[in-house]
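Protein chains in written order, with my numbering: chain U, 6 to 119; chain V, 15 to 125. The beta carbon of each residue, even a glycine, is placed where N, CA and C say it ideally should be.
Structure below.
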């Protein structure tokens with residue numbers, strides 16, 4: 006199994022550009038998450054989804070949008086990129102129930118906004 | 015929300031046992047305690063999860079006292095490859111979107 010796959014691994018954007026970070030999981034997990042991690046810091050939740058068609062904001066949602074049309078995919082859209090969005094982005098997934106705190110993470114997408 | 019407190023950094027040597035303690039004084043009845051490991055430029059990786067007493071798997075042990083206000087991750091005989099940041103998280107499995115990731119404990123294993 007591939008687990009959680011994120012693309013691209015690296016991207017440089019100019020201020021004001023938009024892009025989509027892709028995330029796919031093949032574990033049939035209901036829950037999916039997008040986090041960002043700034044240097045030397047812990048992870049901050051941007052958006053999460055408890056199933057196809059259901060998404061909700063996390064701690065730092067401003068400047069981002071998500072959709073969840075299938076169980077497998079959870080893309081993160083950055084509109085009008087700003088330097089403050091320079092970060093490493095991690096997608097994760099988990100199952101429901103007692104295992105819901107056991108998150109499987111992707112390898113990360115490093116984004117630089119210049 | 016159960017906030018956790020853990021040491022910012024620890025140093026050890028190869029072959030030693032490392033114990034990292036996490037405080038979570040306001041842990042709720044339904045909360046589980048979960049530990050993750052993160053290497054530079056990688057996503058966190060699940061290590062171990064517990065609710066009470068002791069849990070052991072092939073890589074670590076987790077000790078949780080009866081009052082559950084703290085927990086200790088024990089790494090037996092560490093090697094250089096165990097150098098990483100270790101995060102302690104506390105949360106209700108039904109509300110895991112509210113998991114708070116602190117700064118973690120940066121463990122340095124020296125030769």
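Query: Name, please, each residue of chain U whose Cβ falls closer than 7 angstroms to the Cβ of residue 21 (chain V).; Result: Per Cβ cutoff of 7 angstroms: no residues; residue 21 (chain V) is ~14 angstroms from chain U at best.
Query: Name, in chain order, the residues that DSSP records as bridge partners for residue 45 (chain V).; Result: V:106
Query: List the residues of chain V that residue 110 (chain U) touches, going by C-beta distances under 9 angstroms, in chain order.; Result: 50, 52, 56, 57, 58, 59, 60
Query: Can at least three beta-carbon pairs, one atom from the stretch 10-30 of chain U and one from the stretch 49-58 of chain U, be found at a separation below 8 angstroms?; Result: no
Query: Check whether the stretch 84-102 of chain U touches the stretch 36-47 of chain V, counting contact only when three or more Cβ pairs, one atom from each stretch, lie closer than 8 angstroms.; Result: no
Query: Nearest by alpha-carbon distance to residue 109 (chain U): which of U:119, U:64, U:33 is it?; Result: U:33
Query: Measure the Cβ-Cβ separation of residue 116 (chain U) and residue 19 (chain U) and say whether it is below 8 angstroms.; Result: no
Query: Among residues of its own chain, excluding the 5 on either side of residue 79 (chain V), which ones have a beta-carbon nearer than 6 angstroms to its beta-carbon?; Result: none
Query: CA-CA distance, residue 35 (chain V) and residue 86 (chain V)?; Result: 4 angstroms
Query: Which partner residues of residue 35 (chain U) appear in the DSSP bridge assignment?; Result: None, per the DSSP bridge assignment.
Query: Please state the DSSP three-state secondary structure of residue 40 (chain V).; Result: coil
Query: Identify the contact partners of residue 46 (chain U) in chain C, using a Cβ-Cβ distance below 8 angstroms as the criterion.; Result: In the structure shown, chain C cannot be found, because the protein chains are U and V.
Query: Run through the DSSP bridge pairs and tell me what residue 42 (chain U) is partnered with.; Result: U:48, U:93
Query: Mind checking residue 22 (chain V): buried by the 16 CB within 10 Å criterion, or exposed?; Result: exposed
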